[in-house]
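Step one of this worksheet: look at the structure below.
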Amino acid sequence: MRHLHTRTARRRVVGALAAGLLCTVGLAAPALAAPTENLAAAEDVSPAVDDGLALTPPMGFNNWNSTHCRAEFNEDMVKGIADIFVEKGLKDAGYQYVNLDDCWALPSRDANGKLVPDPARFPNGISAVADYVHSKGLKLGIYTSAGTKTCNDAGFPGALGHEYSDAQQFADWGVDYLKYDNCNNQGVDALSRYTTMRDALQAASRTTGRPIVYSICEWGENKPWEWASEVGHLWRTTGDISDSWGSMLSILKQNLPLDEYAGPGQWNDPDMLEVGNGGMTDTEYRSHFSMWSIMAAPLLIGSDLRRASDETFDILGNREVIAVDQDPLGEQGKVLSSEGGRWVVAKEMRDGSRTVALFNETGSAQRVATTAQAVGLPDAGAYTLRDLWQHRSYNTAGTISATVPAHGTVLVRVATDTRWAKNPPAVELGLDGSLLTEAGKKVTLTSTVTDLGRTAAKQVSVQLSGPKGWAVRATSPATVNSLPTGRSLRTSWKVTAPDGTAAGSYDLKLKATYRSPTGVRAESVLPLTASVVVAPPSGVSSLGDLPWLSTTNGWGPVERNTSNGENEAGDGNPLTVGGVVWADGLGVHAESSVEYYTGKACETVTAQVGVDDEEGADGSVAFEIWADGTKVASTGVLTNSQAAQAISADVTGAQVVRLVVTDGGDGITSDHGDWADAQLAC
Ligand code: GLA
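Be aware that the sequence shown starts at 2, since it is given in this note's numbering, and climbs by one per residue.
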C-alpha cells in the first residue's frame, strides 16, 4: 500500500516537472505555481511526461573532494578531467558532467553586479571552459550558494537576491548543471530560496535553449526529499562526506531509508564519491561505489583522475555496477535486513532482475545471506547469479549468500533465466575460527565450501594460503569428487605465523576450484585478514598509549592524547570536555571504532567521555564499549553542553575490546568524541 502510494506521488511530481520542460523549449506554458497547487494540477497531466533531465542519476566529476579551494582547481584541471573522460572510456561508460565547485569566482561582483571568474584559475573565463568541455561531447556544471556568500571562508558571492542575473550569466556561459548550496542563507525559508532559483534557471535556459540540471544542496536540513522533487532533480540528504570509512558509513545509513523518494528526475544525493582519494582501502571504495550505485545516487567522481591508480579506474569504470545505478526503472535499493552490521539491500531492475548488495559494516568477515524469494524474484527452480565485481555468472537454487570480508560488499544481479544451467553452480566459502594470532602460536581453523547451485560442484578442491614463511597445513581432506546442492566440504587447518612476526595485519586467501557437471571450470576466492597480536601488558595501562588492532573514524585519524583535528594525524587540541582538560585518552570523530587485543587477559575499561569543547552546538554522540560481540557499556546521547560522564565496562574473557562512538542518530556534523583518561586493567 505504501509502495503504491509512493508510485502515485512520484508520477504526480514528474507531471509537475513537465511544465518546466515546456518552458525550456520555449513553448507557452504556465509558470510553476506553489507546490500544493502543482500537485493538484499535475494530476490532470496524463499520461505523465517529464522534463527529460536526469532521468537516470547524473554522472560526472566535481573537484571539491580532491582540491577543496586549493590553487590546483583551475582551467587545466577541468580540461584535463574532460580529456581523461574521453581517453579512458569514462565518457562511454556514462560520465558526462564536469562540475566546478566553490572558489571559481572572485570575492566581489563587478560594477554591474555580475560574477567574475577568478583570473588566476580561469584566465579565459568560464565560457571558454564550457566550450572546451562541450567540444568533447561533455557538459559543464557550476556552483553557488542560496545565500549571501558561498561556504568557503574567503566569502565568494552567493546568489540570494541575484538569482535571475546569476542564472542568466550561467546560461550565457553555456552551463548545463547548477549545484546550489546552503551557506549564509540569512534564515530565509529554504523552499522559497530554492524555488526562486528554479524559476530563474528555467527563465534563463529559455533564452539559450540549453536545459540546466538543478542540484539542491541544503544538506537534508529541511527534509528536501519531501518537497524538492518539484524544485530540482536531486537533493543532498546529508552533511558533507569526507574521505573516511566512518563518514561514508554514516552518510550511507542516513540515505538508505529514503528509498521511496527516489525516481527518474528526482534523486536522493548522499554527496560525491571519494573513490581514489586515499583515505579508504580499495575494498572500502568498492563498497562505497556499490552502495551508491544500488541507492541510485548521483555518481560524481571526486578524485583527481590525472593522478588516479588503475584500481581507481577499475572501480569507477565498472560498467556492470554503473548499469545498476543507471537502471531506467529508477528504483533506489531497499534495505531488507541489517542485523549485526550485515546488510542486505535489494534493487528492482527494469528487466525484472534484482541487484543485491551483501554489505558487511563490521571489522571482521561475516556471512551475509538472503534468498531469491526474499529479494522479490518469482519462484523458480534455479536462477542466474552474476557477480558484478568478479564479472562471472553462476547458477543458484535460490540462496544468495557469501562470506563478505570486513567492510566489503558482494554485489550480484540475480534473474530468472532459462539458460541458468550453462553456468557453473555458485559456491559459498566460509572460515570458522579466530584469525587473531600471537607469533609462533598455532591456530586451528575450519573452512567450508558449500554448493549453492541447482547443479553439483565436481572435482572440488580447496586451498588456504598465507604470507611467505607461514605454516599452513590441512589436517583433513581438502578435496571431494562431487558436492550436491546444499552440501559442504569441511576442512581443518593449522596455521602458524613464524616466531618474530611483527604485530600487524597479514593477507590470507581461501580458494576453491571446481567444475560444473558439463566440465566448465570455476573458482571462488575469499580474501581474509589475519592479525598478529601481542598480549596486553598486565596492570593498568592508558589506552591512549597502547597499540590498537584497528580504527575507523568519521573525519581524519583517531588521535592519541589529543582531540580529533579532522584532517592530518597530530592536528588535534588537548582533550577538553566541560572545561576540564585531560592529559591522556583518545580523540575520535563519529562514526568511530577503536579495537584493542585483550587476549582474555583483561578485566575493565574505564573512561571519562563526552563531546570535546572545541566544537559548536551541533556535536552529539553516544559511546559504547564492546567485549567481542557483546555491548557491555554505553552512554545515552551526549551533547556539547554536557560535562564528561564516567563509563566503565567489565571486559573479562574478551579477546577484543572495541570502543565505539556513534553519531547520536543525527549524522556526523561536529561529532568530536573524547575518550578522556581511558584505561585498561589486565
Ligand atoms: C558545502 C557543500 C560542499 C562543498 C562546499 C564548498 O560544504 O556541502 O559539498 O560544495 O560547501 O565550500
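Ideal placement from N, C-alpha and C gives every residue a C-beta, glycine not left out. As the structure is a prediction and not an experimental result, all values here were calculated from the model.
(request) Report the three-state DSSP secondary structure of Leu378 (helix, strand or coil). (result) Correct three-state label for Leu378: coil.
(message) Need the endpoints of the beta strand (DSSP E) that Glu349 sits in, please.
(response) 343-349
(request) Compute the distance between the beta-carbons of Thr385 and Ala347, then report whether it is under 8 Å. (result) no
(message) At a threshold of 7 Å, does Asp452 count as lining the ligand GLA (C-beta to nearest heavy atom)?
(response) no
(request) Would you list the residues sitting across from Ala624 in a DSSP beta bridge? (result) Before going on, a small fix: residue 624 reads as Phe here, not Ala. According to DSSP, Phe624 bridges with Val662.
(request) Using the DSSP secondary-structure output, state which residues sit across from Thr599 in a beta bridge. (result) BP columns for Thr599 are empty, so no partner.
(request) Assign Asn269 to one of three DSSP states: helix, strand, or coil. (result) strand
(message) Starting from Met60, trace the beta strand (DSSP E) in both directions and tell me its first and last residue.
(response) Its beta strand (DSSP E) spans residues 60-63.
(request) Would you tell me roughly how many angstroms separate the C-alpha atoms of Trp676 and Met198, rounded to the nearest one? (result) Taking the Cα positions, Trp676 is about 45 Å away from Met198.
(request) Could you tell me which residues DSSP pairs with Thr486 in its beta bridges? (result) Note: Thr486 sits in no beta bridge, so no partner.
(message) Which of the three DSSP states is assigned to Phe360 in this structure?
(response) strand
(message) On the DSSP bridge list, what partners appear for Ser642?
(response) Partner(s): none; Ser642 has no beta bridge.
(message) Less than 8 Å between C-beta atoms, sequence neighbours within five positions excluded: which residues of the same chain meet that for Ala35?
(response) At Ala35 the pLDDT is 33, less than 50, meaning the model places this residue with poor confidence; the figure from the coordinates comes in the next sentence. The beta carbon of Ala35 sits closer than 8 Å to no other beta carbon from its chain once the five residues preceding and following it are set aside.
(message) By the three-class DSSP mapping on this structure, what secondary structure does Gln609 have?
(response) strand
(message) Can you list, in chain order, the residues of its chain with a C-beta nearer than 8 Å to that of Asn319? Leave out the 5 residues immediately preceding and following it.
(response) Excluding residues within five positions, the ones whose Cβ falls inside 8 Å are Phe290, Leu389, Trp390.
(message) Taking only three categories from DSSP, how would you classify Glu332?
(response) coil
(request) Give the DSSP bridge partners of Thr476, in chain order. (result) DSSP output for Thr476 lists no bridge partner at all.
(request) Return yes when the Cβ of Leu101 is within less than 8 Å of the Cβ of Val134, no when it is not. (result) no
(request) Please classify Arg420: does DSSP put it in a helix, a strand, or coil? (result) coil
(message) Within a Cβ cutoff of 6 Å, which residues of the same chain sit near Asp500, ignoring the five residues on either side of it in sequence?
(response) Ala440, Gly441
(message) Quick check on Thr149: does DSSP put it in helix, strand or coil?
(response) The three-state reading of DSSP puts Thr149 in coil, since its state is none of H, G, I, E or B.
(request) Could you tell me whether the Cβ atoms of Tyr181 and Ile217 are closer together than 8 Å? (result) Result yes, Cβ atoms of Tyr181 and Ile217 sit closer than 8 Å.
(request) Go ahead and pull the three-state DSSP assignment for Pro158. (result) strand
(request) Kindly indicate the opening and closing residues of the beta strand (DSSP E) around Thr196. (result) Here Thr196 belongs to no beta strand (DSSP E); instead the alpha helix (DSSP H) covers 191-209.
(request) Let me know if Thr449 comes out buried or exposed under the rule of 16 or more other beta-carbons within 10 Å of its beta-carbon. (result) By the neighbour-count criterion, in which 16 or more other beta carbons inside 10 Å mark a residue as buried, Thr449 falls on the buried side.
(request) Enumerate in chain order the residues of its own chain whose CB-to-CB distance from Pro575 is below 6 Å, with the five nearest sequence positions on each side excluded. (result) Val582
(request) Have a look at the DSSP bridge pairing and note the partners of Ala427. (result) None, per the DSSP bridge assignment.
(message) If contacts are defined as beta-carbon pairs under 8 Å, then Thr238 and Pro271 qualify, I think. What distance do you get, rounded to the angstrom?
(response) 6 Å
(request) Using three-state DSSP, classify Trp228 as helix, strand or coil. (result) coil
(message) Any heavy atom of the ligand GLA inside 7 Å of the beta-carbon of Tyr195?
(response) no
(request) Let me know if Thr438 comes out buried or exposed under the rule of 16 or more other beta-carbons within 10 Å of its beta-carbon. (result) buried
(request) Let me know if Lys140 comes out buried or exposed under the rule of 16 or more other beta-carbons within 10 Å of its beta-carbon. (result) buried
(request) Could you pull out every residue in the same chain whose Cβ sits closer than 6 Å to the Cβ of Asp132, ignoring the five residues on either side in sequence? (result) Excluding sequence neighbours, Asp132 sits near nothing in its chain.
(request) Look up Arg110 in the DSSP assignment and say whether it is helix, strand or coil. (result) Collapsing the DSSP output to three states places Arg110 in coil.
(request) Could you tell me whether the Cβ atoms of Val610 and Ala644 are closer together than 8 Å? (result) No, the Cβ-Cβ distance between Val610 and Ala644 is not below 8 Å.
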